[in-house]
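Reading through the structure tokens given below for one structure.
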Amino acid sequence: MTETIQSKRGGSRPGAGRKKGSSVYGETTKAIRVPESMVPEVKSMLSFRKQFFENSSDIYFPSVTPSHVEIPLFSGKVAAGFPSPADDYIEKTLDLNDLLIQKPAATFFVRAEGESMLGAGIHPNDILVVDRSIEAVVGKVVICALNGELTVKRLKSIGSEIVLGAENPAYSDITVQEEIDLVIWGVVTNVIHSL
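Residue numbering for the sequence shown follows the working numbering, starting at 1 and increasing by one per position.
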């Protein structure tokens, strides 16, 4: 004869378990299987996101599963003159995810503050789209941690020195000395600016 014994342990209990959004990433997590060759890359990406989540309320990441929204793209260009009735033709559609985010796993957004980059078209409260997979070379606008503080500057070099250049004559360039801790986090690819 088989007898079923019911344990007083386990099972669903109200209020038990992790609270929704309480992970170190600020959202629910899910266990997945990853090819062994990709483990270091995935761990690096997760560590990077965790560091961002803990250190700033102005850093955002694109959705891992973004919605696809096609917006009409008119074939005519906008001029400051009189509109042409022939320009009402929709040539194609545009998805902003496709336009702004080339590599979602390597992309993050950060809100700009200050006026040191006005000449580059970066204003206070603009949202910067940053890609970590792009090599930071001279001439690129980069997000970097300078002695632990985030900043956005144009990467320059003078001789063998690295210079973080401001795009506003009211601000000085920063020459990176040996005692300065510099970590480049990514290259700015786009600026989202509200009018």
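For glycine and all other residues, C-beta sits at the position ideal for the given N, C-alpha and C.
- Positions of the beta strand (DSSP E) runs, each at least 3 residues long and wholly inside the segment 133-168, are given as 141-146, 149-158, 161-165 in order along the chain.
- Boundaries of the beta strand (DSSP E) harbouring residue 182: 182-192, taken from the DSSP string.
- Residue 187 and residue 108 have their C-alpha atoms some 10 Å from each other.
- Two segments are said to touch when three or more pairs of C-beta atoms, one from each, lie closer than 8 Å; by this definition the segment 150-162 does not touch the segment 95-104.
- Burial of residue 110 is indicated by the presence of at least 16 other C-beta atoms within 10 angstroms of its C-beta.
- Under the three-state reduction of DSSP output, residue 103 falls in the coil class, being neither helix nor strand.
- Under the three-state reduction of DSSP, residue 98 is assigned to helix.
- The beta carbon of residue 171 sits closer than 6 Å to the beta carbons of 116 from its chain, once the five residues preceding and following it are set aside; these are given in chain order.
- A straight line joining the alpha-carbon of residue 158 with that of residue 176 spans about 11 Å.
- Counting along the chain, residue 128 sits inside the beta strand (DSSP E) bounded by residues 127-131.
- If the five residues before and after residue 132 are omitted, its C-beta is found closer than 6 Å to the C-beta atoms of 106, 186, all from its own chain and listed in chain order.
- Apart from the 5 residues on each side of it in sequence, residue 192 sits with its Cβ closer than 6 Å to the Cβ of 127 in its chain, given in chain order.
- At a Cβ-Cβ threshold of 9 Å, residue 130 and residue 143 count as neighbours.
- For residue 68, the CB contacts under 8 Å within the same chain, skipping 5 residues up- and downstream, are 95, 97 in chain order.
- Within its own chain, the residues whose Cβ lies closer than 6 Å to the Cβ of residue 164, once the five positions on either side in sequence are excluded, are 153, 174, listed in chain order.
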